[in-house]
Each structure stands twice: as C-alpha cells, then as structure tokens.
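Residue numbers (this note's numbering): 31 to 326.
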Amino acid sequence: MNKNLFYILMVLAMIFWGASWISTKVLTNYINEYELVFLRMGICFITMFPIIYFYKLSFKLDIKSFFLILIASLILTSYSISMFIGLKHGSGGFGGAFVTTLIPINTFILVAILNKKTISLKHSFALILGAFGVLNMLNIWNFDLSEIFSKDTLYFLLASILWPILTIITAKATKINAFVFTFYTYIISSFVLFVFFVDTSIFEKVANLDFIFWFNLFVITILSTTFATSIYFIGASKLGAKEVSSFVFFVPASALIIGAIFLDEEITSNTIIGTIFTIIAIYILNNLNLFKLFKK
C-alpha cells in the first residue's frame, strides 16, 4: 500500500476514534451501559473474525495468554462501562479529550513504577506540563469542588487509569498477536455481559430503534473499532509503533470538534489550553521507548 495513502487512513482511523466518544454520548439516550458494551463487543468480535482469517493469524492460546485475556476482559468491560457512565453525565468532546490525553501520561507513570525506573528531569518536566494541562481541563482555577469532582470527571479519570492497565496486560501476552488478543477479550466480555447483565429482549429492543441509533452504533463498532483498530495494528507493523503513536494526537482534537459540530458542545478555553499542554507532555514522553518497558 502507498505510504501516503496509509497516512490518510491513519488520520481517518484517529478521527473515528474521536468520533466514537460523541457517538457513545448519543447512544446513552437509547440503552444502558451493559447493553451498549455487549452490543459493541459482540459486533466487533464478529466483524474482526474475517480480518484475522484473511491475515492467517493464529487462534492458539497458551496458559499465560489465556489468564491475561481473562483479566483483560474484566478491565476492558470496566473501562467501557466507566466511559459510558461518564458520557451519560458529561460532555463527549471533553471526555474524548480528557481521557485520550491522560491515558499516555498514566501509562508512562504506571510503566515507570512497575519497572522501578527513575524519572529523568526531562520526563518530570513533561509530567508537570501534563498535570497543568489536566488541571486546566478540569477548570480547577474556579475552586468549585462539585465541578472538579463531578460524577463524569471521576468516571473519566477511572477510564484513563484502566486503559493503561489494559495496555500493559496486552503487551505482556508476547505469544499471541495483539489483534487476536483483543478479539478474545471481546468474545469473553460480551458473553459474560449477556449471561449476567443483559436481558434477551435486547435484540427485539434495538430492532425497533431509529436510524440515529444504528448509525452511531455503526460508528463505535465498524468504524472506530474494527476499521480503526485494524489500521492501527497494521500501521504499527509497517511503520513502527513510535511513528504510529504520533497519530493519536488527532483523537482529542477530533472529539472536541465533532462534539461541537453535532452536539453543540462548548469548547472552553481551559479545555483547549489543557489539551495543548497534555499533547506537548505526551510528545516529550514518547521519546522514551515504552514498548520495550512493556515487555519486561
């Protein structure tokens, strides 16, 4: 594939990741968190199967990978539910910008702690910048505790911690392809949700919902997960993980812009300033090869 064309596909993939936050916000008006996560994961593992078959990826599991998949399934489900509840009470654009910029920073901190790495002066400066950005996004300067520790903020914060843990666990599964690993987590998560939390009437319920519901479900499954995740993993293998990770900077911006266009969400100056500072922090932190640390 032409490299320039692949760059375009990578940008589209990141835009779809940003759009998924806005679409999930819309879907909170139709179904509850368990139903949405079940549908999302169920549709995703069905649509991912042809891709795994086409690329002839192995479905084989060793014991270690199996237990990591079980843990990852629990964390992925918890992350998805936290994301849903946060969006139900908060802004899609803010959630998309806040969580996606905080995830790399939290990942760096967790990896450094787990590997007992000393944080250099440069990376300390980046973390301070990131903290300043996050505080701006939370509008902490108004000193309104009810706003700073609102329900949506707390769930977004939880989501930004759960995803790095999921990333580290996935990276520990060295004997299985990351795409296949994700495929298995979707199967297990959707099965557990269906057995314990979702009524069988869900299928009849969604069959009668309108075009807006199905369009947004299409965005968070086919576009933002099956397509975007596939492009990301293929990009990591063709371009390298470090180069591909730089495209993630498009996610918070696209979430804010799409939220403003389609949901009339306000983009505050604090959110813009905070996002810029956290992106700069992520750029500095990316100079450290986290992927090597994951494997240790």
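Glycine is no exception: its CB is placed at the ideal position from the N, C-alpha and C atoms. Just so we're clear, the structure is a prediction, and the values are computed from it rather than from any experiment.
Three-state secondary structure (DSSP) of LEU91:
Within the sequence shown, residue 91 is the residue found at index 61, counting from 1. Three-state DSSP puts LEU91 in coil, outside helix and strand.
What do you get for ILE52, buried or exposed, if any count of 16 or more other CB atoms within 10 angstroms of its CB means buried?
Numbered from its first residue, the sequence shown carries residue 52 at position 22. With 16 or more Cβ atoms within 10 Å of its Cβ, ILE52 is classed as buried.
For SER254 versus PHE89, is the C-beta spacing smaller than 8 Å?
For the purposes of this step, residue 254 is identified with residue 224 of the sequence shown, where counting begins at 1. For the purposes of this step, residue 89 is identified with residue 59 of the sequence shown, where counting begins at 1. For SER254 and PHE89, no; Cβs fall outside 8 Å.
Alpha carbon to alpha carbon, how far is LEU168 from SER180? Give it in angstroms, no decimals.
Taking the sequence shown and counting its residues from 1, the one referred to as residue 180 is at position 150. Taking the sequence shown and counting its residues from 1, the one referred to as residue 168 is at position 138. C-alpha separation (whole angstroms): 10 Å.
Among VAL222, SER299, ASN300, PHE280, whose alpha-carbon lies nearest the alpha-carbon of ALA49?
Within the sequence shown, the letter at position 19 stands for residue 49. Nearest neighbour of ALA49 by Cα position, chosen from VAL222, SER299, ASN300, PHE280, turns out to be PHE280.
Got a sec, what are the start and stop residues for the alpha helix (DSSP H) PHE182 sits in?
Reading the sequence shown from its first residue, position 152 is the one you call residue 182. A quick correction: the sequence has Asp, not Phe, at residue 182. Where ASP182 is concerned, the enclosing alpha helix (DSSP H) stretches over 181-202.
Go ahead and label PRO194 buried or exposed: buried means 16 or more other beta carbons lie within 10 angstroms of its beta carbon, across all protein chains shown.
By one-based count along the sequence shown, residue 194 stands at place 164. Looking at its Cβ environment, which holds 16 or more other Cβ atoms inside 10 Å, PRO194 is buried.
Which whole-angstrom value describes the C-beta separation of SER299 and MET71, a residue pair presumed to lie in contact below a C-beta threshold of 8 Å?
Mapped onto the sequence shown, residue 299 falls at position 269. Mapped onto the sequence shown, residue 71 falls at position 41. Contact flag wrong, Cβ pair sits at about 37 Å.
Using DSSP with H/G/I as helix, E/B as strand and the rest coil, what is LEU323?
For the purposes of this step, residue 323 is taken as residue 293 along the sequence shown, with counting starting at 1. Per-residue confidence for LEU323 stands at a pLDDT of 40, beneath the threshold of 50, marking its modelled position as unreliable; the derived number appears in the next sentence. Looking at LEU323 - three-state DSSP - the assignment turns out to be helix.
Between which residues of its own chain and GLY304 is the CB-CB distance below 6 Å, once the five residues before and five after are set aside?
Start at 1 with the first residue of the sequence shown, and residue 304 comes out as number 274. Around GLY304: GLY163, ASN166, MET167.
In whole angstroms, what separates the C-alpha of VAL210 from that of ASN59?
For the purposes of this step, residue 210 is taken as residue 180 along the sequence shown, with counting starting at 1. For the purposes of this step, residue 59 is taken as residue 29 along the sequence shown, with counting starting at 1. Our two residues, VAL210 and ASN59, have alpha carbons roughly 32 Å apart in a direct line.
Between the CA atoms of PHE257 and ILE264 - distance to the nearest angstrom:
Against the sequence shown, residue 264 aligns to sequence position 234. Against the sequence shown, residue 257 aligns to sequence position 227. Rounded to the nearest angstrom, the two C-alpha atoms are 11 Å apart.
Buried or exposed, going by whether 16 or more other CB atoms sit within 10 Å of the CB of ASN319?
Sequence index remark: in the sequence shown, residue 319 carries index 289 (1-based). Unreliable positioning characterises ASN319 in this predicted model, as indicated by a pLDDT of 46, which lies under 50. The coordinate reading is nonetheless provided below. Burial call: exposed.
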